[in-house]
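> There's a structure below that I have some questions on.
Residue numbers (my numbering), protein chains in the order written: chain A, 1 to 203; chain B, 204 to 406.
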């Protein structure tokens with residue numbers, strides 16, 4: 001059976017849990033508290049030298065890191081992953097957009113504001129720029145979703161899962177989504193998909 | 204013919220140029236000076252609402268953004284992209300590692316130190332943390348390359364291209380690679396591949 005090393009509040013982990021749920025794949029969940037440094041222990045670093053969850057452990061012990069790579073692995077050959085070459089690349093485009101232009105701002109602002117007892121002076125100084133770039137990412141999403149119901153090819157897939165994970169909890173980072181009506185409708189559309197599970201759902 | 208919108212000093216752009224060279228694909232190069240805001244004009248934003256190079260324009264005008272998604276698109280079916288499902292996911296794992304745990308530190312430090320006339324006080328305050336995380340990424344690479352000649356499956360491929368781009372110019376960001384002998388040998392190995400082109404090479 002697959003083993004998922006994860007932390008329930010992680011949106012990156014949630015991407016994998018959502019993909020597993022949509023694919024109907026059973027798995028064993030092993031939780032690691034990132035706030036207590038449980039992904040930086042020698043035992044964890046032996047599995048992922050980059051010290052991060054989520055981490056998928058295959059039946060033979062092989063470990064795969066990076067949420068989007070894990071989702072890609074799980075979803076290949078399923079309706080979540082497009083068969084068309086261009087649509088596959090567009091899916092990856094949005095997944096890389098999420099990791100580079102969305103997560104470092106929206107997820108990090110959420111982590112700082114929602115999980116840390118107090119920000120450092122440097123975090124306080126960085127926060128306005130992170131909020132600004134987070135809103136810029138939401139603007140790019142809004143513009144795209146004004147013209148189509150899902151991110152790629154008119155159907156629900158991996159790009160939606162990748163972007164849903166932290167967008168649906170952006171409010172915990174202090175982001176107000178009122179100015180992004182198409183993003184809001186899309187969030188509802190993703191949550192209404194058959195097989196959907198919430199971020200706190202344990203298999 | 205394919206059109207690549209790019210900025211020659213960009214490592215992200217170089218990934219695409221290197222992939223195009225290894226695939227032997229002809230293309231038209233259109234340069235945009237990011238230092239002069241040429242990727243934030245209305246004309247450019249109509250092509251990529253996220254306002255970034257590299258951007259691949261297909262013959263029918265379809266535009267594909269995000270360097271790693273473009274490389275994936277170009278290399279599918281070539282020896283640069285593994286055929287095996289796990290090796291494909293491992294390739295993506297390293298490409299996402301590069302965009303999340305490497306580029307924001309090594310490429311950004313290079314951009315700040317090598318291209319900006321003067322850092323803002325916030326950039327000065329952020330720099331030590333960025334350097335530390337850049338060295339951490341190099342440490343993860345060193346550990347992996349101590350055991351194998353290339354990042355995935357024992358052969359040169361997309362993961363190597365993605366990580367070579369900014370690692371080979373890390374010195375311009377003030378990174379000293381002396382403590383990473385396996386990274387250095389790997390850099391030489393990548394540069395010795397048939398079909399290799401340098402970052403300043405124009406097709």
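Backbone N, C-alpha and C define an ideal beta-carbon position, used for all residues, glycine too. As the structure is a prediction and not an experimental result, all values here were calculated from the model.
For residue 158 of chain A and residue 56 of chain A, which I take to be in contact (beta-carbon distance under 8 angstroms), what is that distance rounded to the nearest angstrom?
Contact doesn't hold; Cβ gap of about 15 angstroms is too wide.
> Run through the segment 221-253 of chain B for me and flag every whole beta strand (DSSP E) of 3 or more residues, listed as ranges in chain order.
Counting whole runs of 3 or more residues, the segment 221-253 of chain B contains the beta strand (DSSP E) stretches 230-234.
> Is it true that the CB of residue 252 of chain B sits closer than 8 angstroms to the CB of residue 219 of chain B?
Against a cut-off of 8 angstroms, the Cβ pair of residue 252 of chain B and residue 219 of chain B comes out as no contact.
> Quick check on residue 17 of chain A - is its C-beta less than 8 angstroms from some C-beta in chain B?
Judged by the 8 angstroms Cβ criterion, residue 17 of chain A is not in contact with chain B.
> Rounding to the nearest angstrom, what Cα-Cα distance links residue 365 of chain B and residue 305 of chain B in this structure?
If you take the alpha carbons of residue 365 of chain B and residue 305 of chain B, they lie about 10 angstroms apart.
> Taking three-plus beta-carbon pairs below 8 angstroms as touching, is the segment 187-203 of chain A in contact with the segment 240-251 of chain B?
With a cut-off of 8 angstroms, the segment 240-251 of chain B and the segment 187-203 of chain A do not count as touching, because too few Cβ pairs lie within range.
> I need the straight-line Cα distance from residue 287 of chain B to residue 118 of chain A, nearest angstrom please.
C-alpha separation (whole angstroms): 46 angstroms.
> Ignore the nearest five residues each way along the sequence and tell me which others in residue 154 of chain A's own chain have a CB closer than 8 angstroms to its CB.
Within the same chain, residue 154 of chain A has close Cβ partners 148.
> If residue 91 of chain A sits next to residue 152 of chain A, beta carbons under 8 angstroms apart, how far is it from one beta carbon to the other, in whole angstroms?
Right, the Cβ-Cβ distance comes to about 5 angstroms (below 8 angstroms), so this counts as a contact.
> Please list, in chain order, all residues of the same chain as residue 11 of chain A whose beta carbon is under 6 angstroms from its beta carbon, the five residues on each side excluded.
Correct list, in chain order: 107, 165 and 166.
> For residue 138 of chain A, would you say it is in contact with chain B, using Cβ-to-Cβ distances shorter than 8 angstroms as the test?
No, residue 138 of chain A does not count as interfacial toward chain B.
> Assign residue 386 of chain B to one of two classes, buried (16 or more other C-beta atoms within 10 Å of its C-beta) or exposed (fewer than that).
Flag for residue 386 of chain B reads buried.
> Looking at the strands, I want to know which residues DSSP matches up with residue 5 of chain A.
DSSP lists A/30 and A/55 as partners of residue 5 of chain A.
> Leaving out five residues before and five after residue 231 of chain B in sequence, what residues of the same chain have Cβ atoms less than 8 angstroms from its Cβ?
The answer, listed in chain order, is 204, 205, 206 and 207.
> Taking Cβ-Cβ distances shorter than 7 angstroms, what residues in chain A pair up with residue 307 of chain B?
Neighbours of residue 307 of chain B on chain A, chain order: 104.
> Considering only C-alpha positions, which residue in the set A/46, A/73, A/47 and A/32 is nearest to residue 20 of chain A?
Nearest option by C-alpha distance: A/73.
> So for residue 192 of chain A, helix, strand or coil by DSSP?
Coil.
> Report the three-state DSSP secondary structure of residue 288 of chain B (helix, strand or coil).
The answer is helix: DSSP assigns residue 288 of chain B an H, G or I state.
> Per the DSSP calculation, residue 358 of chain B is bridged to which residue(s)?
For residue 358 of chain B, which the question treats as bridged, DSSP gives the partners B/355.
> Can residue 14 of chain A and residue 31 of chain A be called in contact, C-beta distance under 8 angstroms?
Cβ distance not < 8 angstroms, so residue 14 of chain A and residue 31 of chain A don't count as in contact.
> Mind checking whether residue 378 of chain B and residue 348 of chain B have CB atoms under 8 angstroms apart?
Against a cut-off of 8 angstroms, the Cβ pair of residue 348 of chain B and residue 378 of chain B comes out as no contact.
> Going by C-alpha to C-alpha distance, which of A/65, A/94, A/24 and A/126 sits closest to residue 343 of chain B?
Selected option, being the one with the closest Cα: A/65.
> Just checking my contact of residue 169 of chain A with residue 110 of chain A at CB under 8 angstroms: how many whole Å lie between their CB atoms?
Between residue 110 of chain A and residue 169 of chain A the Cβ distance is about 6 angstroms, and since that is below 8 angstroms, they are a contact.
> Is it true that the CB of residue 99 of chain A sits closer than 8 angstroms to the CB of residue 299 of chain B?
It is a contact, given that the beta carbons lie within the stated cut-off.
> Who are the neighbours of residue 193 of chain A on chain B, taking C-beta pairs under 8 angstroms?
Going along chain B, no residue has its Cβ under 8 angstroms from residue 193 of chain A, so there is no contact; the nearest lies around 23 angstroms.
> In angstroms, rounded to a whole number, what distance separates the CA positions of residue 47 of chain A and residue 63 of chain A?
Going from the Cα of residue 47 of chain A to the Cα of residue 63 of chain A covers about 6 angstroms.
> Between residue 114 of chain A and residue 173 of chain A, how many whole angstroms is the CB-CB distance? I'm expecting something under 8 angstroms.
Going by Cβ atoms, the distance from residue 114 of chain A to residue 173 of chain A rounds to 7 angstroms, so yes, they are a contact pair.
> Can you check whether the CB of residue 126 of chain A is closer than 8 angstroms to the CB of residue 329 of chain B?
Result yes, Cβ atoms of residue 329 of chain B and residue 126 of chain A sit closer than 8 angstroms.
> Is it true that the CB of residue 180 of chain A sits closer than 8 angstroms to the CB of residue 132 of chain A?
Taking 8 angstroms as the Cβ cut-off, residue 132 of chain A and residue 180 of chain A do not qualify as a contacting pair.
> Residues of chain A with CB closer than 7 angstroms to the CB of residue 279 of chain B, please, in chain order.
Ordered by position in chain A, the residues that pass the 7 angstroms Cβ test against residue 279 of chain B are 85.
> Rounded to whole angstroms, what is the Cα-Cα separation between residue 270 of chain B and residue 112 of chain A?
Answer to the nearest angstrom: the Cα atoms are 29 angstroms apart.
> Tell me whether the beta-carbon of residue 195 of chain A lies closer than 8 angstroms to the beta-carbon of residue 22 of chain A.
Cβ atoms of residue 195 of chain A and residue 22 of chain A: closer than 8 angstroms.
> With DSSP collapsed to three states, give me the class of residue 348 of chain B.
Three-state result, residue 348 of chain B: helix.
> Hey, could you find the ends of the alpha helix (DSSP H) residue 74 of chain A is sitting in?
It spans 67-75 - the alpha helix (DSSP H) in which residue 74 of chain A sits, taken as one unbroken run.
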